[in-house]
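Residue numbers (the numbering used here), protein chains in the order written: chain A, 151 to 623; chain B, 8 to 438.
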C-alpha cells in the first residue's frame, strides 16, 4: 500500500515557497524543512496498557538562511503569514547573529550552490497501520504477554511494545522542491524474570519499513525472549580479560556504528575531533572488513529519499577491505571541507540543529559459516544482544554493553552464560582482530543514536556474525 | 484561545469521563561554537498541547479506566480537534487499566522565578565560558541552549496550575595535547540559575582533567582495589536506590521494596544511605511546583540510614499501592558522609574522574563504564590512567563511603565522591 503525503504539509507548501522565495532574494540562500511525522505507540504490560503518540512525532518547520558569513536557523510550529516570518528573521534571528558577531569570531562557510530538482517519494508497506484498529493491536500484544506467562512462572512482568510512525517531510529552497512520505514500525518484547532477590531480563526487537504486519513477526519472538530471561537468572559474572569472541549481527552492527560510524561523521572533521582524518586511505581494519552507511544502502528505519537538508540519500562505503575510504557528511560540513555531502544531515526533529549522522550502518557479509567460526574458538564467548554503545571519535576508544555471552570451549558452545558484559578496547585493535566473517546480513533498527548524550535520531545497524578478539569485563 | 477551543471540544464529548491538558510553550536561543568561533545561531519557538482523554467502562463485572494520550498542534481547526479527540476516545476503550483518580485542585503555590533567571543573557554565558585561556587545554567546541519553558496544566477536576521554568544547558568538549597525541573529554551541565563563578569553575575543572588525561597511560591489570566515583557517576549510582523505592517500580514488580526494608542489607560496611526527593533543589532545571498531573510536589525523605521510610510516586501509582502521593519529580538529594575527600584518598585506590558513559541498570543493579581518566594510587604515588573499565552490581558492593564534600549535578545534590569496594576492574594489556 502506498503511503500518502501529509495533507497538513501539502496545504502549507504554498506559504513555505513564498517565504523561501522572499528570504532567498534577501540572503542569497534560504530553505525550509517542514515535518509532519505522526504515529502511535502501544504498550501492554502485566500491570497496565498505554496508548500514546509515538516518541518520534513532530509537526513544525525549520528555516535556514545564509547570514552572509554562515547559517542561522529558526525552528517554529505556528506558521504565520509570510511577512511575519520574514520580519522575524530580519529582526530577531539576524539581531541574535549580529550580537555574537560583534563579540568575536565567526566560523565562515560558503553559500549553498545547488542544482534544480523537484521530486516526490512515497513509500509502501504491506498493511497501513491506520487500517488496523487499536483493539486488534492491543489484543495481539496482550496475547504475547499471556503466552510468556504460560511458558514460565519466573516471569514477573512482560512488556510488548508496538510503534508505528509515518514520516512526512517537505524541503523547499530556491532550487529544490522535495517531498517524501514513508512508514516504519518497530516492536519490542521484554521478559523480566525474578528468582529470590535476583532480577534479570531479556529483550528482542523488530523493525523495518513496515506497517502493522510487524505485529505478526513479534509473535515469533516471545518464546526466545522468555527462555533467555530464565537462563540469565543463572548467569555468572565474566572474569575480566581478553577473549576470542563471536559477535551476533546486532553486536557486530553496534561495533560498526560506534567504532567507525561516529568516527567518520564529518562535522567531527570540521571540529578537528576525528582521528579518522589522519587515516583516510590507510588500513584501519582487517581485509575482511567492508563497512557501509547510507539511507540508500539498505531498507531499514533510516532509509529515506532525502535528508533534513534536502540532499538525496546515498550508499557510502566507509571502509573497503580494511582501508578507510571516506566519511559521511551533512551539507554545511561538506561546504566547509570542500567535499560532497552524502545525505547524512539529520535532525532529532525540526526543533534541533542538523549534524552529520549515521543512517543504516553495517559490515558486509563474508564467506565463513557460523559453525566454522564457533569450531575455531578454543576458549571465548558468543556475544548476543546489544544494550548500548558509546563513541570516542578522537581517541578511538569503544564501549559496548552486551546483555550476555555464551561460553565457547574447544569449539563448542557450553551451558555457561555470563551477563552483562562490558566490551571495551581500541577501535583499530578490535577491527584488525577480525579473522572470520559469516555470509549473513541482518540489520536492526529498534534503538536510537545520540550525538554525545543528546540529539537522538533513528538509525539501524547490523552485519554478519564476526569473529574477533575483544576485552570483556 | 486554543486551550479554550480544546477544553470546549473535550467537554462536548459524552464518552469522556475525565481529561487533562498540558499546554507547553518553549522560547529558546541556541549558540554553537567551534573553538571560540560561532558555527551557528538558532532561535526556537514552539507551542503544543498534550491531551489525555479518560474513559471509564465495565467489562465482565470489573471497572476499568481507559485512556489515550495525543498532541494537539496550535492552529488546528475545530473539525480536526474534534476528529482527533473522537479517534482517541475510541482507542481508550481498549485500554483496560485499574481505575485511578485524577488530581484535584490544591492551594496555589507562588510562581517560580524563571523570569529573573532569564535576565542572564546567553552572551554572558559565552563570555564566562571563554574567559580563561590556557596553553595546554582548550575548548574544542561548545553548544549553549537557553530555554524559557511555560507549562499550564488543566484537568476536568478543576486543576489549573502553571510551572514557569528556565534551563541553561551547556555541552562542550575540551582538548589537550601531550607529546604523543591530542586527547579530548566530553562535558555537560544544566542549571536553572547561574552565576559567572559556577560556569568558570566548570570550565577550569574540565581543562584540568583533560590536561591530566593527556599524560595518562593505559590501565594495567589491577586487582580489585577500592574505586572512588566522582561527578555524574555518583548520581547514576544512586539511581538504583531512587528507582527501587518508587511506587511505579513496586507496582510493576520491578522492586520488592517496602517501608522498613533495609535496602543496603546488613552485609555492606561503611555509610548508610539517606535520600530525599526534593522538588526545590537550588539551581536544578528540574525544580518545579507541580508535576505533569498538576499535583503540588513535596520534599519527602524516602530512605533513612538505608531503611525505606516512604515510597514516592505520582497520584496513579500511589493510589494503586494505597499510599499518599508525593508527585512525580526527578530531583533527588543524598545526604553527604562524614569523611573528607582527602581521607577517602588514602592507601591503594582508583579514583575515576571521567567515564566514556557510566551506566547503571536500576532493574538489575548492574553498573560500570569505560574509563577515560582515572588516578591510581599505590599508597604513595599517583598515576593518571585511561582505558579499561570497572563493572559490578549494587548487591556485590562490600563497602560504601560517602564524602562530606557535596556537589550539584543537574537534578542531583549529594556527595562529591563515593568510595566503593567489591567491583571488578578490567585493565588493558597495553602499557
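Glycine included, C-beta positions come from ideal geometry on N, C-alpha and C. Given the structure is predicted, the values throughout are model-derived calculations rather than measurements.
Using three-state DSSP, classify residue i as helix, strand or coil.
i: residue 303(B); result: strand
i: residue 438(B); result: Unreliable placement is indicated for residue 438(B), whose pLDDT of 35 sits below 50; the coordinate value is still reported in the next sentence. In the structure shown, residue 438(B) sits in coil (DSSP, three-state: anything other than H, G, I, E or B).
i: residue 63(B); result: strand
i: residue 355(A); result: strand
i: residue 416(A); result: coil
i: residue 444(B); result: As shown, chain B starts at 8 and ends at 438. That puts residue 444(B) outside it, with no answer to give.
i: residue 277(B); result: strand
i: residue 326(B); result: helix
i: residue 589(A); result: coil
i: residue 178(B); result: strand
i: residue 615(A); result: coil
i: residue 31(B); result: strand
i: residue 286(A); result: helix
i: residue 133(B); result: helix
i: residue 143(B); result: coil
i: residue 415(B); result: strand
Alpha carbon to alpha carbon, what distance is there between residue j and residue i?
i: residue 160(A); j: residue 412(B); result: 58 Å
i: residue 27(B); j: residue 229(B); result: 56 Å
i: residue 431(A); j: residue 474(A); result: 5 Å
i: residue 225(A); j: residue 574(A); result: 39 Å
i: residue 108(B); j: residue 161(B); result: 15 Å
i: residue 437(B); j: residue 343(A); result: Confidence in residue 437(B) is poor, its pLDDT being 45 and thus under 50, which makes the residue's placement unreliable; the coordinate value appears in the next sentence. Whole-angstrom Cα-Cα distance: 39 Å.
i: residue 162(A); j: residue 280(B); result: 56 Å
i: residue 269(B); j: residue 46(B); result: 52 Å
i: residue 343(B); j: residue 278(B); result: 9 Å
i: residue 40(B); j: residue 157(B); result: 28 Å
i: residue 525(A); j: residue 373(A); result: 27 Å
i: residue 359(B); j: residue 275(B); result: 22 Å
i: residue 427(B); j: residue 407(B); result: 5 Å
i: residue 436(A); j: residue 581(A); result: 6 Å
i: residue 382(A); j: residue 357(B); result: 30 Å
According to DSSP, residue i sits in a beta bridge with which residue or residues?
i: residue 330(A); result: 271(A), 319(A)
i: residue 391(B); result: 382(B)
i: residue 245(A); result: None, per the DSSP bridge assignment.
i: residue 317(B); result: For residue 317(B), which the question treats as bridged, DSSP gives no partner whatsoever.
i: residue 209(A); result: 186(A)
i: residue 53(B); result: 33(B)
Is residue i close to the ligand NAD? I mean its beta-carbon at under 7 Å from any heavy atom of the ligand.
i: residue 45(B); result: Summarising the ligand content, the structure contains no ligands, and the ligand NAD is consequently not present.
Near-chain A residues of the stretch 288-304 of chain B (beta-carbon distance less than 8 Å), N- to C-terminal order: Hits within the stretch: zero.
Validate contact between the stretch 527-543 of chain A and the stretch 401-413 of chain A using beta carbons, cut 8 Å, 3 pairs: yes
Contact list for the stretch 394-423 of chain B against chain A, Cβ threshold 9 Å: 394, 395, 396, 397, 398, 399, 400, 402, 403
Cβ-based contacts, 7 Å cut-off: residues of the stretch 65-84 of chain B near chain A: 75, 76, 77, 78, 80, 81, 82
Given 8 Å, three or more beta-carbon pairs between the stretch 204-218 of chain B and the stretch 134-146 of chain B: Segments in contact, yes.
Cβ contact (3+ pairs, closer than 8 Å) linking the stretch 478-493 of chain A and the stretch 193-209 of chain A: Contact check between the stretch 478-493 of chain A and the stretch 193-209 of chain A: fewer than three CB pairs, one atom from each, fall below 8 Å, which does not count as touching.
Contact the stretch 303-315 of chain A vs the stretch 323-343 of chain A: 3+ CB pairs below 8 Å: With the cut-off at 8 Å, the stretch 303-315 of chain A and the stretch 323-343 of chain A touch.
Residues of the stretch 36-60 of chain B with Cβ closer than 9 Å to any Cβ of chain A, in chain order: Flagged, chain order: 36, 37, 38, 39, 40, 41, 42, 43, 44, 45, 46, 47, 48, 49, 50, 51, 52, 53, 54, 55, 57, 59.
Members of the stretch 257-291 of chain A that neighbour chain B once the beta carbon cut-off is set at 7 Å: If the cut-off is 7 Å between Cβ atoms, the stretch 257-291 of chain A has 257, 284, 285, 288 near chain B.
The stretch 430-445 of chain A / the stretch 364-381 of chain A touching (three or more Cβ pairs under 8 Å): The stretch 364-381 of chain A and the stretch 430-445 of chain A do not touch, with fewer than three beta-carbon pairs separated by less than 8 Å.
Segment contact, 8 Å Cβ cut-off, at least three pairs: the stretch 557-575 of chain A with the stretch 456-471 of chain A: no
Residues of the stretch 598-610 of chain A with Cβ closer than 8 Å to any Cβ of chain B, in chain order: 602, 603, 604
Cβ pair count under 8 Å reaching 3, the stretch 288-297 of chain A against the stretch 255-269 of chain A: no
Chain B contacts from the stretch 553-565 of chain A (Cβ-Cβ distance under 8 Å): none
Members of the stretch 322-349 of chain A near chain B, C-beta cut-off 9 Å: 342, 344, 347, 348, 349
Against chain B: residues of the stretch 191-210 of chain A by CB proximity under 8 Å: For the stretch 191-210 of chain A, the set of residues with a beta-carbon nearer than 8 Å to any beta-carbon of chain B comprises 195, 196, 197, 198, 199, 200, 201, 202, 203, 207, 209, 210, in chain order.
Positions along the stretch 566-586 of chain A whose CB lies within less than 7 Å of some CB in chain B: Going along the stretch 566-586 of chain A in chain order, one finds 570, 572, 574 with a Cβ nearer than 7 Å to chain B.
At least three beta-carbon pairs within less than 8 Å, the stretch 254-271 of chain B to the stretch 78-90 of chain B: no
Meets three-Cβ-pair contact criterion under 8 Å: the stretch 374-386 of chain B and the stretch 349-357 of chain B: The answer is yes - the stretch 349-357 of chain B touches the stretch 374-386 of chain B, with three or more Cβ pairs under 8 Å.
Contact between the stretch 572-590 of chain A and the stretch 508-525 of chain A (3+ Cβ pairs under 8 Å): yes
Near-chain A residues of the stretch 365-382 of chain B (beta-carbon distance less than 9 Å), N- to C-terminal order: 366, 368, 370, 371, 372, 373, 375, 376, 377, 378, 379
Contact set between the stretch 138-154 of chain B and chain A, restricted to residues whose Cβ is under 7 Å from the partner: 147, 148
Inter-stretch contact at 8 Å, needing at least 3 Cβ pairs: the stretch 491-508 of chain A / the stretch 354-369 of chain A: no
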